[in-house]
Amino acid sequence: MRTTTTADLRVDHIPGRSVTVIAGDVTLLTYTYTSAPALHPIRTLAGDQLPAVSWLPPHVDEHPRLRPASDDMLSELTDTGVTAAAAHRLIWTGHDGAPVLSEWRSLTAHLTGDDSWVLLFENTLTNVSGTALTFGAAGAASGGLRWRGALSFTGDGPSEVRPDQHHPARVILIDDDANPHHPPLTCMDGATVAFRHAAVIASDIHDTGALADLGRTTLAGW
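Residue numbers (our numbering): -19 to 202.
As structure tokens, then:
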């Protein structure tokens, strides 16, 4: 498949359902933002599909089985030709239906060249449960941002997702230095915590360190 140029970015929005970001003839991602938010598929600029992404709140010890509820409305949808962003709010409820967390989340796709792009994940979580919450105690079930599939590690920092060991595509995941360090993390009633992550997606072999630097630079610029 041909790669695209940075002038090709556009957005397809189905109101109340999903946002799709397209570069040339390649669908880079589709984000379904209804009551069960999902990010699938995700592709390189060459059109190769990557493993699915799970984006959940951190595990909450006091409410281990949170359920999402969305108002099915975007609070932001922008497209500049090289960058596209969408944001919305969700309420995460406990098994009894009572609100536990109010979340604002944003996805930003940014084209950085003919064979690479960056996906920025941002979210804030506000405790609306009426009592303190503990995020991610030792031994708790997993939560947060997870990119499924095989991982390889460089030994000096970021995780690298490889959908196939013979495939040249690379995904480098970068945490913002300002992200809270946990587990565990105590969130008092009414308090808000914020998280930011960048995924650098390259459709050919690149220097891992250079891709990681690109992710950090992108985070710093937002």
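Positions of the beta carbon are idealized from the N, C-alpha and C atoms, including for glycine.
- At a Cβ-Cβ threshold of 8 angstroms, Ala67 and Ser55 count as neighbours.
- For a cut-off of 8 angstroms, the C-beta gap from Trp72 to Pro48 is around 6 angstroms, short enough to register as a contact.
- The shortest C-alpha to C-alpha distance from Trp127 to any of Leu153, Val108, Thr12 is the one to Leu153.
- Assignment of Thr188 by DSSP, reduced to helix, strand and coil, places it in the helix class.
- Within the model, the alpha-carbon separation for Thr10 versus His(-7) is close to 10 angstroms.
- Here His186 is not near Asp155, since their CB atoms are 8 angstroms or more apart.
- 8 angstroms or more divides the Cβ of Pro38 from the Cβ of Leu46.
- Per the DSSP secondary-structure output, Pro79 pairs in a beta bridge with Thr73.
- Ala149 is positioned such that its CB atom lies closer than 8 angstroms to that of Thr24.
- For Ala174, the closest of Ile181, Met53, Thr106 by C-alpha to C-alpha distance is Thr106.
- Assignment of Ala66 by DSSP, reduced to helix, strand and coil, places it in the strand class.
- For Tyr11, the enclosing beta strand (DSSP E) has its first and last residue at 6 to 12.
- Look at the segment 10 to 41 and you find these whole runs of beta strand (DSSP E), each 3 residues long or longer: 18 to 22, 33 to 35.
- Exclusion of the five residues before and after His162 leaves Phe115, Gly116 as the residues of its chain whose Cβ lies within less than 6 angstroms of its Cβ.
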